[in-house]
């Protein structure tokens, strides 16, 4: 199903984008007056390239889809945009190239947090929907009302852009309807000719094209996001986030003793988890565009900090100390890179943030010794034993009516509470439905398979949690009973807890 043509760029959004584009680019000549040669001199101490670029941006060759149009909102670009013409002179001939193709969007503004996710077509596997699942997992309604997630499909093939939009609409209908998700894409004419770039730093021609287009993609996305909120969080399309990440980010930003910071980092990898104030984005984008053909995005960001705070009369150690005042790292990391197949053709990347594992999502816990059994068909190595021990999740194929999960204690004991949580960040839909929690008190004898005579709770939206009355006494077993067929798999995560009473 293709996106309707009338959704290409609503007039109100287009006019708003035009006005804000003029304003943003108008700031480029007043907020930050660079001397290009001086900046190049300041960037001479390039950092050692220890991490690969993490964003996936194929170097499309400007395939222009027939019928592709945007509203002609102006006969020529405003005079304020002469700076971008200096860095991207080809735009003089393409007056509408800075206006986005808004495929999905309600024009939300005035939020605290804008999250930007660039995505491109990958040859092997797409991680975008998994990333969105992770970001929205356990996000509160209040948080959804105070943020916007902008997905920038950095491709010019309208059919592919529409396919991404449809998958997002299908997977996240409520978020699309409420306006918390926006999907945009650029025009082919936004990109300059990338076929004759100078090969530098030992990179192949294809890699140089890839990283150059990536710089342009980030710049477009940042300028679109700039007027929408107070803070801008740069993410990628192949990550997972820790629970409560929004609350932790806001708290960390508010805890800063000074307003001098320019970047707050919530991941040590590449350009993942970097928080900026939106008022700083015009300066940052201009710097990126000045040198977009020369170096990768993370190097350029480091050079910008050098220009702002480092003295050429001081040694590198002093410079690093000065940069630490404006580039502040939060630990442990809130985002982890999970993609294996890069958007750069043929590239395999196993990048992992070591700090993400610290202060794990779910600490291992001690449940009472028990024998665990189930009638469900287990998927691969995701066993019930590992989930009960807090080591991994339990994952099984679709349950049918009559299936069960049974915990039989090695010694009868008193249990005063329980928590079972189904689904997780990567697979939030794999929940237990129409499932009850039952116990077998030692005071009760049984003569049939239906000996779990005491019902104590049920799963609501994938979660069963409650207390067990002391009147129940010691318990021999707890059973989760499934009463209807399920169209989805069942995942019981390792937050499972039985509170033993001593």
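Residue numbers (the working numbering): 1 to 502.
Even for Gly, the Cβ is constructed at its ideal location relative to N, Cα and C.
The region 305-316 makes no contact with the region 242-259; the number of CB pairs closer than 8 Å stays below 3. With a cut-off of 8 Å on Cβ pairs, the region 236-250 is not in contact with the region 192-203, counting fewer than three such pairs. Contact check for residue 168 against residue 129 passes: the beta carbons are separated by less than 9 Å. The DSSP-derived three-state label of residue 182 is strand. In this structure, residue 179 lies away from residue 150, with their beta-carbon atoms at least 9 Å apart. Per the coordinates, the alpha-carbon of residue 296 lies some 7 Å from the alpha-carbon of residue 215. Inclusion of residue 327 and residue 300 in the CB contact set at 9 Å is not warranted, their separation being larger than that value. Every unbroken stretch of the alpha helix (DSSP H) spanning 4 or more residues and falling wholly within the region 149-215 is given here in chain order: 158-171, 173-178. Here residue 249 is near residue 233, since their CB atoms are less than 9 Å apart. Distances from the CA of residue 184 to each of 193, 223, 91 were compared; the closest alpha carbon is that of 223. Taking all protein chains in view, the Cβ of residue 470 is surrounded by fewer than 16 other Cβ atoms within 10 Å, so the residue is classified as exposed.
In the DSSP assignment, residue 101 falls within the unbroken beta strand (DSSP E) covering 101-104.
In the structure shown, residue 95 falls within a coil segment according to DSSP collapsed to helix, strand and coil. Counting the other Cβ atoms within 10 Å of the Cβ of residue 331 gives fewer than 16, which makes it exposed. Excluding the 5 residues flanking it on each side, residue 436 has same chain C-beta neighbours closer than 8 Å at 455, 457, 458, 459, 480, 481, 483, in chain order. The count of Cβ pairs closer than 8 Å, one atom from the region 204-213 and one from the region 86-104, stays below three, leaving the stretches out of contact.
Taking the C-beta atoms as reference points, residue 264 is found nearer than 9 Å to residue 253.
In this chain, the alpha helix (DSSP H) harbouring residue 141 covers 141-145.
Around the beta carbon of residue 377, fewer than 16 other beta carbons lie within 10 angstroms, which makes this residue exposed.
Among the bridge pairs identified by DSSP, residue 499 is matched with 417. By the Cβ-count criterion, residue 336 is buried, with 16 or more other Cβ atoms from all chains shown falling within 10 Å of its own Cβ. The continuous stretches of alpha helix (DSSP H) do not include residue 241, which lies in the beta strand (DSSP E) extending over residues 239-241. By the neighbour-count definition (other C-beta atoms within 10 Å, threshold 16), residue 140 is an exposed residue. In this structure, residue 405 keeps its C-beta atom at 9 Å or more from the C-beta atom of residue 383. Cα atoms of residue 293 and residue 187: separation of roughly 20 Å, rounded to the nearest angstrom. Relative to the Cα of residue 193, the nearest Cα in the group 220, 173, 88 belongs to 88.
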